[in-house]
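Okay, structure first, notes after.
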Amino acid sequence: MLEIKNLHVAVDGNEILKGIDLTVKPGEVHAIMGPNGSGKSTLSYVLAGKDDYDITEGEVLFNGENLLEMEPNERAVAGMFLAFQYPIEIPGVATMTFLKTALNAVRKERGKDELSTPEFMKLVKEKAAKLNVSQEMLRRPLNVGFSGGEKKRAEILQMALLEPSLCVLDETDSGLDIDALRVVSDGVNALRAPERSMIVITHYQRLLDHIVPDIVHVMARGRIQRTGGKELAKELEAKGYADYVGEAAA
1 MLEIKNLHVA
11 VDGNEILKGI
21 DLTVKPGEVH
31 AIMGPNGSGK
41 STLSYVLAGK
51 DDYDITEGEV
61 LFNGENLLEM
71 EPNERAVAGM
81 FLAFQYPIEI
91 PGVATMTFLK
101 TALNAVRKER
111 GKDELSTPEF
121 MKLVKEKAAK
131 LNVSQEMLRR
141 PLNVGFSGGE
151 KKRAEILQMA
161 LLEPSLCVLD
171 ETDSGLDIDA
181 LRVVSDGVNA
191 LRAPERSMIV
201 ITHYQRLLDH
211 IVPDIVHVMA
221 RGRIQRTGGK
231 ELAKELEAKG
241 YADYVGEAAA
């Protein structure tokens, strides 16, 4: 589904990613762990198509197509979804309106009929109830005044409605207490499917107690330094990242 080959990325002339190779097959859940400054969020932004990142070398194939040549909206239509670490607030745009507009835009580009208001209301109420997203939240401006947990639940609700084939979760556990972490993780797990893959970016093993990955990567100094099974996350929790951040890991 996703093939990243020797990806080098710079920001303002500073090389952040220094040769990333990563293959994600359909249905797989990959966790990318690593210390601050290792390039994890940069990788997620590059996949989503955010501006200001200079691709200096390498390629990214998404279902066989050159992802780097697509505009961000084209990537969304193709099935790419990024859940932000810090979802932005959009005053003046009701959450319900944002969700309906986004969903129907994607459906239209995918050759599907747009949902009528009654059809959308039925669908969003069903999805929202599973994530403890209240009707009052849906009426409020997107993310404005939301707690950290509410913002993350709104992100997962977007994901549930848009039905992407590749979900990139950039430190989704940031700002979540134990109860919110469980609700968000249950929502993510409900979306696991043989045709849908996920890349879960996190510092901590606690998220991976709930979203159990198939493969764990350690990223540091702009490269993937090590790959292993889910037991690697527990090893990192116990030993930290010291083995990967020194000169020996360069």
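Reminder that position 130 of the sequence shown reads as 130 in UniProt numbering, one-by-one numbering, no gaps.
Here a beta-carbon is modelled for each residue, glycine too, at the ideal position from N, C-alpha and C.
Owing to the predicted nature of the structure, the values given are computational and were not obtained by experimental measurement.
Taking the alpha-carbon positions, what's the residue i to residue j distance?
i	j	result
isoleucine 55	threonine 95	34 Å
alanine 249	aspartate 243	Because alanine 249 carries a pLDDT of 45, less than 50, the predicted location of this residue cannot be relied on, and no value is offered for it.
lysine 230	glutamate 89	34 Å
valine 133	arginine 153	7 Å
aspartate 21	valine 183	32 Å
alanine 83	methionine 159	8 Å
arginine 196	serine 174	23 Å
asparagine 143	threonine 172	15 Å
Assuming residue i is part of the beta strand (DSSP E), what are its boundary residues?
i	result
asparagine 6	2-11
arginine 196	Neither: arginine 196 is in no beta strand (DSSP E) and is coded neither H nor E.
isoleucine 88	From DSSP, isoleucine 88 is part of no beta strand (DSSP E); its letter is neither H nor E.
Quick one: is residue i buried, meaning 16 or more other Cβ sit within 10 Å of its Cβ, or exposed?
i	result
isoleucine 178	exposed
residue 251	No information on residue 251 is available, as it lies outside the stretch 1 to 250 that the chain covers here.
tyrosine 86	exposed
asparagine 73	exposed
alanine 129	exposed
arginine 139	exposed
threonine 23	exposed
glycine 240	exposed
Tell me whether residue i, by its Cβ, gets closer than 7 Å to a heavy atom of the ligand ZN.
i	result
alanine 128	For the structure depicted, the ligand ZN is absent and the ligand set is empty, with no information on it obtainable.
Can you give the beta carbon distance from residue i to residue j, rounded, assuming they're within the 8 Å contact cut?
i	j	result
asparagine 63	methionine 1	6 Å
By the DSSP assignment, the alpha helix (DSSP H) with residue i in it spans what residues?
i	result
histidine 217	Note, histidine 217: premise wrong, no alpha helix (DSSP H); beta strand (DSSP E) at 215-220.
leucine 156	Before going on, a small fix: residue 156 reads as isoleucine here, not leucine. Residues 148-162.
valine 124	117-130
Can you confirm whether the region 182-192 touches the region 101-112 when touching is taken to mean that 3 or more C-beta pairs between the two stretches lie within less than 8 Å?
Between the region 101-112 and the region 182-192 there are fewer than three C-beta pairs closer than 8 Å, too few to call the two in contact.
Do the region 218-232 and the region 45-55 touch if we need at least three Cβ pairs shorter than 8 Å?
no
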